[in-house]
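All remarks here apply to the structure that follows.
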Amino acid sequence: MISFYPGPSRVYDQVPTYVKEAHEQGLLSANHRSPEFMELARSVKQLLHSKLLVPGDYKILFTSSATECWEIIAQSLTRQCSQHYYNGAFGKKWFGFAKAIVPSTIESSFEIQCELPSGNIDQKADCICVTHSETSNGTAIDLATLSELQKLKSEESIIAVDGTSSMAGVRYDFDLADVWYASIQKCFGLPAGMGILIVSPKAIERAEQIGDVEHYNSILKILENESKDQTHYTPNVLAIYLLKRTLENNPGIETIDKLIQSRYVTWEQIVHQSNDLDWLVSNVNCRSTTVLALKHPDPDSIKAKAREAGYILGNGYGPWSDNTFRIANYPALSDEETVALQNWIVATCT
Ligand SMILES: *Cc1c(COP(=O)(O)O)cnc(C)c1O
């Protein structure tokens, strides 16, 4: 069975080998204040900087999930309130978590066929929150829109980006935002259980001004531990090791981005030539290249047939579950697997 589910998703084939290595090296029992762990943490951060092109002055922090990052941003990085642009389930959940912490959180939902309405930034908001790739419906924000948002927002405010289903698959321009985060069970091709939070100098300055130290995951405590190559909690050392080994083994993000793009272009041709299939999101500028949401008259039958043929496709999400299914276009899927599914879809969907 090959999983094209958009998360948790296919993990790299080398994972079992790396798990064994971690065990043999004694890392699975290593204390997270030990020199061995600190060395591991340091090397993973260096690899993330070099492979994903994270600017040198941005700090890379380990968390337990993307969901945790939602709370960290609301607790430690939001002064008055945040404003949330969303058009799908994950963006909406983020808004909900922020609102539970800061009741005046601003909701700016928009239609999936429309580009993000960057013109209506609320001057009260000091943290603008967007979801780069909305895993639930296959929409995405292109980097030009992010750049526009950056120009339109007030000087003091910061931008936070949920990159959970695109980080490590899409080349970002990290300078366009102050906070980026993801968890590792999507484009990173690893088992779930860890998040990565990347913050700019401006976000760090903001955190220092706010001075939140009330929570176990207050960002100042996280940053203090980071400066010692440690973590604020007992971390998922195995996941950190798996991250190190997969990053070492993978090409840089420019190469991966090209690969993902070229597979996406083939998917576009396939959808274009098919009568059964169509994109949920018709506006190409708003389409994710890593999570594909496709309309089909009978998604249940296509998913069932796919399973018989050895492919797991993703369910449509929430309101789109009756007429769509989803396909992950993540780097851990091999060329052979991708081509095999593409051929199968061409043969099966008229
Ligand atoms: C999967 C996902 C999340 C949640 O990730 P967790 O690791 O479960 O916290 C958040 N945002 C997006 C866009 C996602 O795809």
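Position 140 of the sequence shown, counted from 1, bears residue number 142 in the working numbering, the numbering being contiguous throughout. No residue lacks a Cβ here, since even glycine has one placed at the ideal position from N, Cα and C. Bear in mind the structure is a predicted one, so any value in this text is a computation, not a measurement.
How many angstroms separate the CA atom of Glu-38 from the CA atom of His-25?
Here residue 38 refers to the residue found at position 36 of the sequence shown. Here residue 25 refers to the residue found at position 23 of the sequence shown. Looking at the two C-alpha atoms, the distance is approximately 13 Å.
Quick check on DSSP: helix, strand or coil for Met-169?
Walking along the sequence shown from the start, residue 169 turns up at place 167. In the structure shown, the three-state DSSP call for Met-169 is strand.
Sequence-distant residues of its chain with Cβ nearer than 6 Å to Ala-311 (five each side left out)
Within the sequence shown, the letter at position 309 stands for residue 311. The answer, listed in chain order, is Trp-346.
Please report the straight-line C-alpha distance between Val-172 and Pro-299, rounded to a whole angstrom.
In the sequence shown, the residue the question calls residue 172 occupies position 170. In the sequence shown, the residue the question calls residue 299 occupies position 297. Looking at the two C-alpha atoms, the distance is approximately 30 Å.
Going by beta carbon distance, what residues of the same chain come within less than 7 Å of Ala-91, once the five residues before and after it are set aside?
As a position in the sequence shown, residue 91 is number 89, starting the count at 1. Contacts found: Ser-138, Tyr-319, Gly-320.
Three-state secondary structure (DSSP) at Ala-295?
As a first step, residue 295 must be located in the sequence shown, where it is residue number 293. Ala-295 falls in the strand class under three-state DSSP.
Starting from the Cα of Thr-133, find the closest Cα among Leu-343, Ile-304, Val-293 and give me that residue.
In the sequence shown, the residue the question calls residue 133 occupies position 131. Nearest C-alpha to Thr-133: Val-293.
Sequence-distant residues of its chain with Cβ nearer than 8 Å to Thr-65 (five each side left out)
As a first step, residue 65 must be located in the sequence shown, where it is residue number 63. These residues qualify, in order along the chain: Cys-71, Ile-74, Tyr-183, Met-196, Gly-197, Ile-198, Leu-199, Asn-219, Ile-224.
Count Cβ pairs between the region 52-64 and the region 259-273 that sit closer than 8 Å; are there 3 or more?
As far as the Cβ criterion goes, the region 52-64 does not touch the region 259-273, which means the pair count is below three.
Quick one: using the 10 Å Cβ neighbour count with 16 as the cut-off for buried, is Val-267 buried or exposed?
Residue 267 sits at position 265 when you count from the first residue of the sequence shown. It counts as exposed.
Rounded to the nearest angstrom, how far is the Cβ of Ala-142 from that of Ser-168, given a contact under 8 Å?
For this step, residue 142 is matched to residue 140 along the sequence shown. For this step, residue 168 is matched to residue 166 along the sequence shown. Between Ser-168 and Ala-142 the Cβ distance is about 7 Å, and since that is below 8 Å, they are a contact.
Measure from the alpha carbon of Ser-303 to the alpha carbon of each residue in Asp-280, Arg-289, Thr-257, Cys-351, then state which is nearest.
In the sequence shown, counting from the first residue as 1, residue 303 sits at position 301. Nearest option by C-alpha distance: Cys-351.
Val-215 to Glu-228 span [Cα, whole Å]
As a position in the sequence shown, residue 215 is number 213, starting the count at 1. As a position in the sequence shown, residue 228 is number 226, starting the count at 1. If I take the Cα positions, the gap works out to 15 Å.
Label Gln-211 either buried or exposed according to how many other C-beta atoms from any shown protein chain fall within 10 Å of its C-beta, with 16 as the threshold for buried.
Along the sequence shown, read from residue 1 onward, the residue named residue 211 stands at position 209. Counting Cβ neighbours within 10 Å, Gln-211 comes out exposed, since fewer than 16 surround it.
Taking contact to mean 3 or more Cβ pairs, one atom from each stretch, closer than 8 Å, check whether the region 73-87 and the region 100-112 are in contact.
yes
Mark Leu-187 as exposed unless 16 or more other C-beta atoms lie within 10 angstroms of its C-beta, in which case mark it buried.
Counting from 1 along the sequence shown, the entry for residue 187 is found at position 185. According to the sequence shown, residue 187 is Gln rather than Leu. With 16 or more Cβ atoms within 10 Å of its Cβ, Gln-187 is classed as buried.
Which residue from Lys-230, Met-40, Gly-9, Ser-45 puts its Cα closest to that of Thr-248?
Residue mapping note: residue 248 aligns to position 246 of the sequence shown, counting from 1. Closest option to Thr-248, judged by alpha-carbon separation, among Lys-230, Met-40, Gly-9, Ser-45: Ser-45.
What are the start and end residues of the alpha helix (DSSP H) that includes Gln-344?
Reading the sequence shown from its first residue, position 342 is the one you call residue 344. Looking at the DSSP string, the run of the alpha helix (DSSP H) that includes Gln-344 is 337-350.
Could you give the C-beta distance for Asn-325 and Lys-297, rounded to a whole number, given that I count them as a contact under 8 Å?
Taking the sequence shown and counting its residues from 1, one reaches residue 325 at position 323. Taking the sequence shown and counting its residues from 1, one reaches residue 297 at position 295. The pair is a contact, with the Cβ atoms about 5 Å apart (cut-off 8 Å).
Looking only at C-alpha atoms, which of Ile-262, Gln-27, Asp-59, Cys-189 sits nearest to Leu-245?
Taking the first residue of the sequence shown as 1, we reach residue 245 at position 243. For Leu-245, the nearest C-alpha among the options comes from Cys-189.
Counted within 10 angstroms of its Cβ, other Cβ atoms place Ala-349 as buried (16 or more) or exposed
Within the sequence shown, the letter at position 347 stands for residue 349. Exposed: under 16 other Cβ atoms inside 10 Å.
Please identify the residue among Pro-333, Thr-340, Glu-23, Lys-22 whose C-alpha is closest to the C-alpha of Gly-191.
As a first step, residue 191 is located in the sequence shown; it is residue number 189 there, counting from the start. Checked all of Pro-333, Thr-340, Glu-23, Lys-22; the closest Cα to Gly-191 is Pro-333.
What does the Cβ neighbour count give for Leu-154, buried or exposed, with the cut at 16 atoms within 10 Å?
Counting from one through the sequence shown, the residue named residue 154 turns up at place 152. Exposed: under 16 other Cβ atoms inside 10 Å.
If contact is defined by three or more beta carbon pairs under 8 Å, each pair taking one atom from either stretch, is the region 155-165 in contact with the region 281-289?
As far as the Cβ criterion goes, the region 281-289 does not touch the region 155-165, which means the pair count is below three.
Under 7 Å from any heavy atom of ligand 1, does the C-beta of Glu-1 make it?
Here the chain covers residues 3 to 352 and nothing more, so residue 1 does not appear.
What residue range is occupied by the uninterrupted alpha helix (DSSP H) comprising Arg-44?
As a working note, residue 44 is residue 42 in the sequence shown. Arg-44 -> alpha helix (DSSP H) spans 37-54.
For Gly-254, is the classification buried or exposed, using 16 other Cβ atoms within 10 angstroms of its Cβ as the cut-off for buried?
Looking up residue 254 in the sequence shown gives position 252. Under this definition Gly-254 is an exposed residue.
Return helix, strand or coil for Ala-311, following the three-state DSSP convention.
The residue you call residue 311 lines up with position 309 of the sequence shown. It is coil, neither helix nor strand.
Do the CB positions of Ser-11 and Ala-330 come within less than 8 Å of each other?
Translated into the one-based positions of the sequence shown, residue 11 becomes position 9. Translated into the one-based positions of the sequence shown, residue 330 becomes position 328. A contact, by the Cβ cut-off of 8 Å.
Going by DSSP, what residue range makes up the beta strand (DSSP E) through Lys-61?
As a working mapping, residue 61 is identified with position 59 in the sequence shown. 61-65 is the span of the beta strand (DSSP E), which, as asked, contains Lys-61.
Cβ neighbour criterion (16 or more within 10 Å) applied to Ala-1
Since the first and last residues shown for the chain are 3 and 352, residue 1 lies out of range.
Tell me the residue span of the beta strand (DSSP E) that contains Trp-322.
Numbered from 1 along the sequence shown, position 320 holds the residue referred to as residue 322. Run containing Trp-322: none; DSSP gives neither H nor E here.
Just list the residues that DSSP pairs Cys-129 with in beta bridges.
Looking up residue 129 in the sequence shown gives position 127. By DSSP's assignment, Cys-129 forms a beta bridge with Ser-84, Ile-160.
For Asp-128, the nearest candidate out of Glu-250, Arg-35, Ser-78 (CA to CA):
Along the sequence shown, read from residue 1 onward, the residue named residue 128 stands at position 126. Asp-128 has its Cα closest to that of Ser-78, out of Glu-250, Arg-35, Ser-78.
Give the single residue among Met-40, Asp-15, Val-21, Pro-18 whose Cα lies nearest to the Cα of Glu-236.
Against the sequence shown, residue 236 aligns to sequence position 234. According to the sequence provided, residue 236 is Thr. The question's Glu does not apply to it. Minimum Cα distance to Thr-236 is reached at Met-40.
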